[in-house]
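If you want my numbering, it's the position in the sequence shown, counting the first as 1, plus 74. Think of the CB as a built atom: it goes at the ideal place given N, C-alpha and C, for glycine as much as any other residue. Since we're looking at a predicted model, the values are computed, not measured.
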Amino acid sequence: MRVRLSKSFNFEAAHFLPTFPEGHKCRRLHGHSFKFDVIVEGDVDLAKGYLIDYGEIKRAVGPIVVELDHYLLNDIPGLANPTSEVIAVWLWGKLKPLLANLASIVVHETCSSSCEYRG
Ligand SMILES: [Zn+2]
């Protein structure tokens, strides 16, 4: 029985996007209430009836949220150009060693804009 589980996390942060065209609003320093989904996929242990304890995902992601929350993302190593795409890949790199079943990261920069990375 193969399933995909998703757990969502939030952080507030500032960023600016230096690779956008001159005059583009995203080049200016601004902030977002970022949200991201951590999605794991695998076969359910039928005896247990579950794939993974959601708490295990929270334990893996918690320290990473602390690294991001209320910071200027551009100052964080690996996030000098913190587009949603770069953030998704950065999160994958941090989480894949901790969550073997990691299948996807979805970064929501706004309510209507998101980026999915599947490794
Ligand atoms: Zn932005």
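Helix, strand or coil, according to DSSP, for residue i in the structure here?
i: Lys122; result: coil
i: Leu147; result: helix
i: Lys109; result: strand
i: Leu176; result: strand
i: Cys100; result: helix
Taking the DSSP output, what are the residues bridged to residue i?
i: Arg76; result: Asp117
i: Asn84; result: Lys109
i: Val181; result: Phe110 and Cys189
Hey, residue i and residue j are a contact pair by Cβ (cut 8 Å); roughly how many whole angstroms apart?
i: Gly105; j: Glu86; result: 7 Å
i: Ala162; j: Val181; result: 5 Å
i: Leu165; j: Val114; result: Not quite, the Cβ-Cβ distance comes to about 13 Å (not below 8 Å), so this is no contact.
>> If you measure from each CB to the nearest heavy atom of ligand 1 and keep those under 7 Å, what residues do you get, in chain order?
In response: Checking every Cβ against the heavy atoms of ligand 1 under 7 Å gives His89, Leu91, Cys100, His104, His106 and Glu183.
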